[in-house]
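In terms of UniProt numbering, the sequence shown has 166 at position 166, counting the first letter as 1, and numbering is strictly consecutive.
Working notes, beginning with the structure itself.
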Amino acid sequence: SSPWGCPALFVEKKDQDGKRLCVDYRPLNAVTVKNKYPLPHIDILFDQLGGATVFSKIDLRSGYHQIKVREEDIPKTAFSTRYGLYEYLVMSFGLTNAPAFFMYLMNSVFMNELDKFVLVFIDDILVYSKNEKEHEEHLRIVLSRLREHKLYAKFGKCAFWLKEVAFLGHILSAKGVVCRSRQGGRCAELEAATSVTRDTEFSWFSGVLPPLHQRFLKNSKAYDSINPEKMQSLRGVQNAKKHLESPVLAQPDITKPFDVYCDAYGSGLGCVLMQEGRVIAYASCQLRKHEVNYPTHDLELLAVVYALKKWRHYLLGNTCRIYTDHKSLK
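Pasting the structure below:
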């Protein structure tokens, strides 16, 4: 037995044969001092891909398991089964500090290549280049780094010399970024919710879909505030489905001016960032309780302020034009 023994179970692997061992480390995580190393924001990561036309992705084999656990901490990884007590000698999935530490490791390994031709999110690596000649050299450098630090990739999950690549739930190409339709497809199958479970399911979609899909919030009539009894007759679900067709988001060019389109509606704010007629990003949010009482003039101004804060990292120091349909703001 062990004071650190945690329960374990097996779950089906998504889109794969076999099962995955999952250990419930919640008791251990509750008393663990948290590692505050930040994980990168996916949308900001993609901003560096402007001009890239060739891509390769590398997925590490059981990434966490390539990191050894300190000998004195091995007993803390214990998990219990009816066959006995086991302890991990390597970093296990489910440990609260595992993502932060692995992100720190990968950033250290590729410190000289980050933001130049390498994009890393935990154990997923993307190599991007402007042409094939550059890509050959970039791949050689990345693979050398992995060999140098004895990090192993799973060949079956790697793909090289691609013009279009699926990465972190998006499709990346020279044209821009498109959100993959797997989640959108599930959302499009939803009908008007008739129970708390279905209401929660649709609210989950509205919360986790990337910013480019948040524009359907206007048509969904603020689902989080609607009770299941009213959902059955609501047609906003059908309107929301129509907006799940993903546009291609262009990469920003800070040498060119930006166009910001802002609008306020009954339950929220919406804005679009564009450049030369191409969409860079969408954003929207629900109004707070006190903001619902704002006059139209203040709501339209609030939409402008929201957009400027949301995309401050793009707009600060650059030329931008703001478009609003409220004349008093001119």
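Backbone N, C-alpha and C define an ideal beta-carbon position, used for all residues, glycine too.
Per DSSP, what are the beta-bridge partners of residue i in this structure?
i           : result
K289        : Answer is none; K289 lacks a bridge partner.
K125        : The displayed chain sequence assigns Ile, not Lys, to residue 125. DSSP output for I125 lists I58, V120 as bridge partner(s).
residue 331 : Any answer about residue 331 is impossible in this case: the structure gives the chain only from 1 up to 330.
I322        : V260
L21         : F10
V90         : K68
R278        : Q275
L269        : A264, C285
H138        : H138 is not bridged to any residue.
H170        : F167, C179
A159        : K57
A98         : In the DSSP output, where bridge partners are listed per residue, A98 has none listed.
A153        : L60
Tell me which same chain residues have a C-beta within less than 8 Å of the C-beta of residue i, skipping the five on either side of it?
i    : result
I74  : E87, Y88, L89
L329 : H297, E300, L301, V304
G50  : Q251, P252, D253
G317 : none
H313 : I44
T197 : Below a pLDDT of 50, predicted positions are generally treated as unreliable, and T197, at 42, falls in that range; no measurement from the model is reported.
Contact defined as beta carbons within less than 8 Å: I believe residue i pairs with residue j. What is the distance between those atoms, to the nearest angstrom?
i    : j    : result
Y128 : A52  : 4 Å
M103 : I125 : That belief does not hold up - the Cβ atoms of M103 and I125 are roughly 12 Å apart, past 8 Å.
N97  : K34  : 7 Å
M91  : I58  : In fact, because the Cβ distance is near 19 Å, the residues do not count as touching under 8 Å.
Give the straight-line distance between the Cα atoms of residue i and residue j, rounded to the nearest whole angstrom.
i    : j    : result
V69  : T319 : 50 Å
E300 : W311 : 17 Å
K13  : K19  : 5 Å
D325 : V120 : 41 Å
L39  : G63  : 16 Å
E148 : S108 : 13 Å
E71  : Y83  : 23 Å
D17  : P257 : 50 Å
L302 : K327 : 15 Å
D298 : S267 : 14 Å
V177 : I44  : 12 Å
K157 : F10  : 22 Å
A283 : K289 : 20 Å
L162 : V54  : 6 Å
A264 : L172 : 31 Å
H65  : I254 : 40 Å
R278 : K133 : 29 Å
L21  : H135 : 37 Å
K36  : L143 : 29 Å
M106 : V292 : 45 Å
Taking C-beta to C-beta, are residue i and residue j nearer than 8 Å?
i    : j    : result
A307 : Q275 : no
V31  : G94  : no
I42  : L168 : yes
K175 : V248 : yes
I141 : E164 : no
S2   : A100 : no
L315 : L287 : no
K150 : R61  : no
Among the residues of its own chain, which have a CB less than 7 Å from the CB of residue i, if the five just before and after it don't count?
i    : result
I322 : V260, C262, V304
P27  : C6
F110 : V118, V120, R145
A159 : S56, K57, V165
I280 : L249, A250, P252, L273, M274
K76  : W4, L28
C285 : G268, L269, Y306
Y294 : L302
L85  : S1, S2, G5, A78
So, at 6 Å on beta carbons, what are the nonlocal neighbours of residue i in its own chain, with the 5 sequence-adjacent residues on each side left out?
i   : result
S80 : G5
Q48 : D115
F46 : V177
Give a single yes or no on whether residue i has its beta carbon closer than 7 Å to a heavy atom of the ligand HEM.
i    : result
I125 : In the structure shown, the ligand HEM is absent, as is every other ligand, since no ligand is present at all.
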